[in-house]
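Below is one structure; the comments refer to it alone.
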Amino acid sequence: MGLVEIHDLTKRYKELVALDHFNLSIEQGEIFGLLGPNGSGKTTAINCMLQLLTYDRGTIELFGEPMSPTRYDLKRRIGIVPQNMAVFETLSVHENIDYFCSLYVSNANRRKALVAEAIDFVDLGDYRKFRPRKLSGGLARRLNIACGIAHKPELIFFDEPTVAVDPQSRNAILEGIQRLNQEGSTVLYTSHYMEEVEQICTRIMILDHGQQLALGTNSELKGLVDIGEKVEIELATPDPSVVAAIQALQHVAGVSLEGNALKLTCLRGARGVGEILDLLHSSGVTYGRVYSEPPTLNDVFLAITGKELRD
Amino acid sequence: MPAFRTALKLIIRHWPNVLLYVVGLGMLGVFILASVNLTSVATFSQAKPNVAVIDRDHSALSEGLTDYLATRSTPVTLEDNTQALQDATAKNTTPYIVIVPAGFGEAFQAAVAGSSPAPVLDTVVNYSAFTGQYMDQVTNAYLNAVRMVLTAEPDMPLDQALSQAATATDQQVPVEVVEVEGAKSIYYKAYFFFRWTAYPLTAGLMVLVAMVFSTFLSGEVRRRNLSSPLPPSRMSSQVAIACVTLVLFAWLFMLLLALIPATGGLDLLQGEPGRFGILALAALIYALVPLAIGFLVAQTGMRSAAQNGLANIVSLGFAFLSGIFMDDLSLMGDTVLKIAHATPTFWFSKATFAVQEGAPMSTFWAYNGVVLLFAAAIFAVGLMVGRLRTQTADAGGNLAAAPA
Amino acid sequence: MGTTFLTTIKTLVRQRDVLLWAIAFPLVLSTLIYAMLGNLDEAYAIDPVDLVVVDDATYQATTGLPEMITALSVEGVQADGTALLDITYVDSDEAARQTLADGDYVGFITVDASGEPAFHVDARYASSTTGTRASIVKIVLDQYWQTASLVGAMGQADPELFSDPALLEKLATEVSYTQRTSVTANPVSDSLAYMYSSLAFSVVMMMTFALAAIEDIQANTSALGARRSLAGQSKIRTLAPAIAASWTVGFGVQLIGYTYVKFAFGTSFGGKDPAVLLTLAVGVLAMTFTGAFVGSLPIASGAKSGITATLSCFLSLFAGLYGTFAQDLAESAAENAPLFALANPARQVTQAFHALYYYDGYQQFGQAILALLALAGVFFVLSTLMLRRKRYASL
Chain P
23 MGLVEIHDLT
33 KRYKELVALD
43 HFNLSIEQGE
53 IFGLLGPNGS
63 GKTTAINCML
73 QLLTYDRGTI
83 ELFGEPMSPT
93 RYDLKRRIGI
103 VPQNMAVFET
113 LSVHENIDYF
123 CSLYVSNANR
133 RKALVAEAID
143 FVDLGDYRKF
153 RPRKLSGGLA
163 RRLNIACGIA
173 HKPELIFFDE
183 PTVAVDPQSR
193 NAILEGIQRL
203 NQEGSTVLYT
213 SHYMEEVEQI
223 CTRIMILDHG
233 QQLALGTNSE
243 LKGLVDIGEK
253 VEIELATPDP
263 SVVAAIQALQ
273 HVAGVSLEGN
283 ALKLTCLRGA
293 RGVGEILDLL
303 HSSGVTYGRV
313 YSEPPTLNDV
323 FLAITGKELR
333 D
Chain S
-1 MPAFRTALKL
9 IIRHWPNVLL
19 YVVGLGMLGV
29 FILASVNLTS
39 VATFSQAKPN
49 VAVIDRDHSA
59 LSEGLTDYLA
69 TRSTPVTLED
79 NTQALQDATA
89 KNTTPYIVIV
99 PAGFGEAFQA
109 AVAGSSPAPV
119 LDTVVNYSAF
129 TGQYMDQVTN
139 AYLNAVRMVL
149 TAEPDMPLDQ
159 ALSQAATATD
169 QQVPVEVVEV
179 EGAKSIYYKA
189 YFFFRWTAYP
199 LTAGLMVLVA
209 MVFSTFLSGE
219 VRRRNLSSPL
229 PPSRMSSQVA
239 IACVTLVLFA
249 WLFMLLLALI
259 PATGGLDLLQ
269 GEPGRFGILA
279 LAALIYALVP
289 LAIGFLVAQT
299 GMRSAAQNGL
309 ANIVSLGFAF
319 LSGIFMDDLS
329 LMGDTVLKIA
339 HATPTFWFSK
349 ATFAVQEGAP
359 MSTFWAYNGV
369 VLLFAAAIFA
379 VGLMVGRLRT
389 QTADAGGNLA
399 AAPA
Chain U
11 MGTTFLTTIK
21 TLVRQRDVLL
31 WAIAFPLVLS
41 TLIYAMLGNL
51 DEAYAIDPVD
61 LVVVDDATYQ
71 ATTGLPEMIT
81 ALSVEGVQAD
91 GTALLDITYV
101 DSDEAARQTL
111 ADGDYVGFIT
121 VDASGEPAFH
131 VDARYASSTT
141 GTRASIVKIV
151 LDQYWQTASL
161 VGAMGQADPE
171 LFSDPALLEK
181 LATEVSYTQR
191 TSVTANPVSD
201 SLAYMYSSLA
211 FSVVMMMTFA
221 LAAIEDIQAN
231 TSALGARRSL
241 AGQSKIRTLA
251 PAIAASWTVG
261 FGVQLIGYTY
271 VKFAFGTSFG
281 GKDPAVLLTL
291 AVGVLAMTFT
301 GAFVGSLPIA
311 SGAKSGITAT
321 LSCFLSLFAG
331 LYGTFAQDLA
341 ESAAENAPLF
351 ALANPARQVT
361 QAFHALYYYD
371 GYQQFGQAIL
381 ALLALAGVFF
391 VLSTLMLRRK
401 RYASL
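Residue numbers (the numbering used here), protein chains in the order written: chain P, 23 to 333; chain S, -1 to 402; chain U, 11 to 405.
Okay, here's the thing in structure tokens:
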């Protein structure tokens, strides 16, 4: 029995179906990624799980118990980090974290320690007296996170926590999530940035239009598409004739020439870019730089839906 | 009580609003009262308005009149030109001006003899019509006395007649000042001040309560709050308790102001502590009304600048309609009076008048009951609006339909 | 610059709460003031004084007093006259005191054995500030008693006097020697003062627009302001049209208010409309610069609207808005602190209207306009200092 069990969840806004017979199962100790473009239903799913929204059918169980708006005992074990800043503008960093922690932890001494830990965790020690308005985007996000995790919840919902955040803060956030996971929290992480999801999530679900499209670990998902690697070679001089030759190779899925750039996808298998380069060499085609990358989740998404993950 | 503490913090952080509305408007009332001089009188002092006589006649009669008027008024010297006269009237410095036309003395004597109609003096009156009537009476009293003397003794020399008239009009009837049980206008100022407190209380409490509730009810903070193990009802009641604390402080501050000597409240407290107490109680009961209105306003979701604007409109409008800026409700027209009945401040005002005029306590409690009903009704509407908004949001309002 | 001007106008009129604040509030206020105080003139004029009379043997025995009282009262007044008194008759001293306690009467009258009337005044009405009503009763009684004594003295000196009925008739016929006249350009009106001060109140509120406009220009007051500060334009080119736009919107709102007050309530401005428009224009100008100054201050937006509100209320208090008490306060403040009165735009606007209505010439009007222009000048300088292009310690 997973920590989170959702069966057949359906949520409609008039004609629009936000969640369509949605199923989800998260095991304890996972960092579960929910990946999908804008409007795919990620935040709606979280809102339903938190009982902030009514839904038309389906069941939601958290910690093995059916979830309802008044299950405060279950809510006590959950932390949320919403997409937008959810803090009091007129309170300082310390006051904000203390308030939200106090909703979960009534013992003042214990709370004091937890708040101090949380501030250290997000590295806002120098800013405890600052008001949110005075913080840069990245720092403000860290405050947002601290408010959600100070009480050391067992289950944490992160709803797109890295939108509009500088790379340094972004890495700090991702590392922090991994640390929280190591310390025992189960994480549901939603995003439309596949790199992040690939980086930290143990299992990933791709969804679109409220429906699950694919589910599995990073490698399992990439196994869904028949791509080995994607290659791009800079030719010294563009030579259209070489395109046909490469196309003829068995392990090449598709090839195109754009200006000086030769772009092709190889199927999965032992043969790869090496064969291509040999062919070019033997054809007398000189080339410069060679780029090769393994398939991404975007490719998975593209293969399944026919469109890009990020619009 | 996490929400309670934080709500209080929010209120304290908005101290400029507290300062401007509660303190500022409260002090406004103190200023007004400080400028009014109402002392308790045991003797009757006849009104002595500023009066000017423009004598274009320079006859014995006009001089006699001028001398007589000086004993019954505060004489003011004005130059005889349009500018000075307009100034005196427009600036309200001289509410009564008598212009004695040239030849008045002669025409007067001729009229007494019966050979021509009586001449008239021009009088210029400013605002208070009573002053005009009063001084008219005074002027006519003197002139008629002269007339009577000359009618009875046509051959009497004029100056003798004038002095006889002056002697006669010097007489005054005896006056007794009656202290009436239950009618305490001596504490007039205190009553005015207690009524005035409705204005700062309405404006200040509306703004602050609306601010606190809307901060807890708005957007993402609300989501965090709802996801927490603190039940929404408990959270709301904690916020409400913080608001009630604010109400108490604001009310206590008003009482403090009432004890400033200028407002006359100290006199009332020393003279009639019981009345002071029930007036204070009425003010506290009334303070629940802006508490409820602030709650309702927060439920509607309007922005802070709009909340401020609404608070000012409502507080000033209610204040005017309830007649707390005037001392006489009867000066309001009938239609306005009817509309006023629909405002809670009006009933608070009536409650204070009931105390002032010594009406039975049952009347006082009845009026306070109406005020409480208003507060309860407004609060109920607020709950309803809140529920409607939540349902709408749940059914796909902005927050939930945000890009996921 | 033209674009900035038009854009500022658009942003100002599209902010619903600013409009609510700046338009609805003054209109509601003037309506209220009119409803409450508009018929003040009539209210003051025709209210008879409530009086109790002890109608016993001694009262009836006096010569002429009952007849005089009746002639002045509501029951006995002539069709074309106004009643001075509203009499309630009782039959004893105790009854009179009881009636006084139960109701709202100025006092009661008794007559002693010698025929001399006495006036027993309710303590409430005994001071000279609230006692004008009582004073009227007293003067009526004084006049009666003086006449009665005079006639009595004349009769003693010459007993033949009373044998001539024609003479007695002449003696008894009272003559009115006074008539009302006006020295001002227009007749005196108490309620006008309140309508003028409510208009003045709304003029002060016009600082709201400049406040909003400037907040969007200053780097330290909004993100939008920061963006605009970076534009390739001199500060003047950004500010001047914004100020001009604020003034335009403010003046437009005042035109609405003025038209409303003039036509809905028939408020008279002495028929000098161009001068009234000038007053409004200059008043709005002064408040526009004041608003620009307040808007440039680095404090919270909510606090600024609070400042606008309280400032308007406070200044209007000293322009006499809140009732008779406020009128007195305004006058005494003008006497004791003339500089404050000069610096109070609400008062100067009220004074300007006042001057147009009561005076023939424009001297007092000119003084008020100059005061407003001076105020505009002062805040122009202050806001220029605040709004210079500058760098900040923190944003």
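For each residue, glycine too, the CB sits at the ideal point set by N, CA and C.
Nearest-angstrom Cα separation, counted from residue j out to residue i
i	j	result
alanine 100/S	serine 124/U	42 Å
leucine 349/U	valine 21/S	25 Å
leucine 339/U	glycine 160/P	56 Å
aspartate 174/U	methionine 164/U	13 Å
glutamate 174/S	methionine 78/U	22 Å
glutamine 131/S	isoleucine 146/U	8 Å
isoleucine 246/U	alanine 356/U	29 Å
glycine 301/U	phenylalanine 35/U	17 Å
isoleucine 48/P	threonine 243/S	46 Å
valine 39/P	leucine 235/P	16 Å
alanine 374/S	asparagine 366/S	12 Å
tyrosine 149/P	cysteine 169/P	14 Å
glycine 394/S	glycine 263/S	Here glycine 394/S scores only 36 on pLDDT, less than 50, and its place in the model should not be relied on; the value that follows carries that caveat. Going from the Cα of glycine 394/S to the Cα of glycine 263/S covers about 55 Å.
Beta-carbon neighbours of residue i, restricted to chain S and to distances below 7 Å
i	result
leucine 72/P	Ser225
serine 124/P	Pro0
methionine 89/P	In chain order: nothing, as chain S lies at least about 11 Å away.
methionine 107/P	Glu218
isoleucine 79/U	The contacting residues do not exist; isoleucine 79/U stays about 13 Å from chain S at best.
Closer than 9 Å at the beta carbon, the chain P residues around residue i
i	result
threonine 213/S	Phe110, Glu111, Thr112
arginine 385/S	Result: empty, since nearest Cβ-Cβ is about 14 Å, beyond 9 Å.
Proximal chain U residues relative to residue i, where beta-carbon distance stays under 8 Å
i	result
methionine 146/S	Thr157, Leu160, Val161, Met164, Leu181
Proximal residues of chain S, C-beta to C-beta of residue i below 8 Å
i	result
isoleucine 100/P	Ser225
proline 104/P	Glu218, Arg221, Arg222
lysine 97/P	Ser225, Ser226, Pro227
Minimum Cβ-Cβ distance from residue i to chain U less than 8 Å
i	result
isoleucine 291/S	no
serine 33/S	yes
asparagine 48/S	no
alanine 296/S	no
glycine 22/S	yes
Residues that residue i contacts on chain U, provided the C-beta gap is smaller than 9 Å
i	result
tyrosine 189/S	Ordered by position in chain U, no residue passes the 9 Å Cβ test against tyrosine 189/S, which lies about 12 Å from the chain.
Chain P within 8 Å of residue i, Cβ atoms only
i	result
threonine 4/S	yes
arginine 301/S	no
Cross-chain neighbours of residue i in chain S, by beta carbon under 9 Å
i	result
threonine 360/U	In chain order: nothing, as chain S lies at least about 12 Å away.
tyrosine 121/P	Pro0, Ala1, Arg3, Thr4, Lys7
Any C-beta of chain S under 8 Å from that of residue i
i	result
glutamate 117/P	yes
tyrosine 94/P	yes
threonine 306/U	Inspection of the sequence shows that residue 306/U is occupied by serine rather than by threonine. Closer than 8 Å: no.
Contacts that residue i makes with chain P (C-beta to C-beta distance below 8 Å)
i	result
arginine 193/S	Under the 8 Å cutoff, chain P gives no residues; its nearest Cβ is about 34 Å from arginine 193/S.
Query - the stretch 187 to 202 of chain S / the stretch 14 to 33 of chain S touching (three or more Cβ pairs under 8 Å) - result: A contact exists between the stretch 187 to 202 of chain S and the stretch 14 to 33 of chain S.
Query raised in the report: For the 8 Å Cβ check, are there 3 or more pairs between the stretch 353 to 365 of chain U and the stretch 373 to 386 of chain U?
Result: Output reads yes: the stretch 373 to 386 of chain U touches the stretch 353 to 365 of chain U.
Query raised in the report: the stretch 261 to 278 of chain S: which residues have C-beta closer than 8 Å to a C-beta of chain U, in chain order?
Result: Answer in chain order: no residues at all.
Query raised in the report: How about the stretch 302 to 320 of chain S and the stretch 328 to 348 of chain S: do they share at least three Cβ pairs that are nearer than 8 Å?
Result: Yes, the stretch 302 to 320 of chain S is in contact with the stretch 328 to 348 of chain S.
Report task. Could you run through the stretch 130 to 142 of chain S and flag, in chain order, every residue whose CB is less than 7 Å away from some CB of chain U? Result -> The stretch 130 to 142 of chain S vs chain U, Cβ under 7 Å: Gln131, Tyr132, Asp134, Gln135, Val136, Thr137, Asn138, Ala139, Leu141, Asn142.
Query raised in the report: Quick one: any contact between the stretch 70 to 78 of chain P and the stretch 211 to 224 of chain P, if contact means 3 or more CB pairs under 8 Å?
Result: In short, these stretches do not touch, since the Cβ pair count stays below three.
Query raised in the report: the stretch 305 to 316 of chain S: which residues have C-beta closer than 9 Å to a C-beta of chain U, in chain order?
Result: Per Cβ criterion, the list reads Gln305, Asn306, Gly307, Leu308, Ala309, Asn310, Ile311, Leu314, Gly315.
Query - Proximal residues, the stretch 193 to 217 of chain U versus chain S, C-beta separation under 7 Å - result: Per Cβ criterion, the list reads Val193, Thr194, Val198, Asp200.
Query raised in the report: If you measure beta-carbon to beta-carbon, which residues of the stretch 53 to 83 of chain S are closer than 9 Å to chain U?
Result: Going along the stretch 53 to 83 of chain S in chain order, one finds Arg70, Thr80, Gln81, Leu83 with a Cβ nearer than 9 Å to chain U.
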